[in-house]
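So the structure is just underneath, and the comments pick up after that.
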Amino acid sequence: LLIHVRAFRFPAEHYETAAGITDLYRIEMEQFASPLIVGFYVISMLIVGSHLWHGASSTLQTLGLDHPRWTPPAILAGRILAVVIAGGFIVIALWAHFVGGRA
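Counting in this note's numbering, the sequence shown runs from 5 upward without gaps.
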């Protein structure tokens, strides 16, 4: 959240396309050109992923809806979702850093 607010709300330069629309792609590529920002972003997404991993596994118990029959599949689905969400954002940041500026 910190990276995105800093990048989009308070950009160092304001980039606009020919149509007068803010060029978010260019801003994002410039942000992820920095290895420090990419490292911070990856660590942040790992933390978010672990939070989702735990949250998905304890949601049914918190709501009093845990049951031996449907809790294990729900936990598995939640963990898969946590990996997909965090992993997806990590892949985007790494792609932007290593490939995005050259694509």
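The C-beta atom is built at its ideal place from N, Cα and C for all residues, glycine as well.
With a cut-off of 8 angstroms on the beta carbons, I'd call residue i and residue j a contact; round off their distance for me.
i	j	result
Leu-69	Ala-90	Not really, about 25 angstroms apart at Cβ, beyond 8 angstroms.
Val-46	Ala-97	6 angstroms
Ala-86	Gly-53	5 angstroms
So what does residue i bridge to, in DSSP terms?
i	result
Glu-20	Thr-26
Which residues in the same chain as residue i place their Cβ atom closer than 7 angstroms to its Cβ, once the five residues preceding and following it in sequence are excluded?
i	result
Ile-78	It should be noted that the sequence gives Ala, not Ile, for residue 78. Answer for Ala-78: Leu-64, listed in chain order.
Gly-104	Met-33 and Phe-36
CB-CB under 8 angstroms to residue i, same chain, minus the five flanking residues each way: which ones, in chain order?
i	result
Gly-82	Leu-56, Trp-57, Gly-59, Ala-60, Ser-61 and Thr-63
Pro-39	His-101
Using CA coordinates, which residue listed in the options is at the minimum distance from residue i?
i	options	result
Ile-31	Val-9, Met-49 and Ile-51	Val-9
Ile-92	Leu-5, Met-49, Pro-76 and Leu-6	According to the sequence shown, residue 92 is Gly rather than Ile. Looking at the Cα atoms, Met-49 is the closest of the given residues.
Val-42	Ile-84, Val-88, Arg-73 and Leu-6	Leu-6
Near residue i, which residues of its chain fall below 6 angstroms by C-beta distance, leaving aside the five closest residues on each side in sequence?
i	result
Arg-13	none
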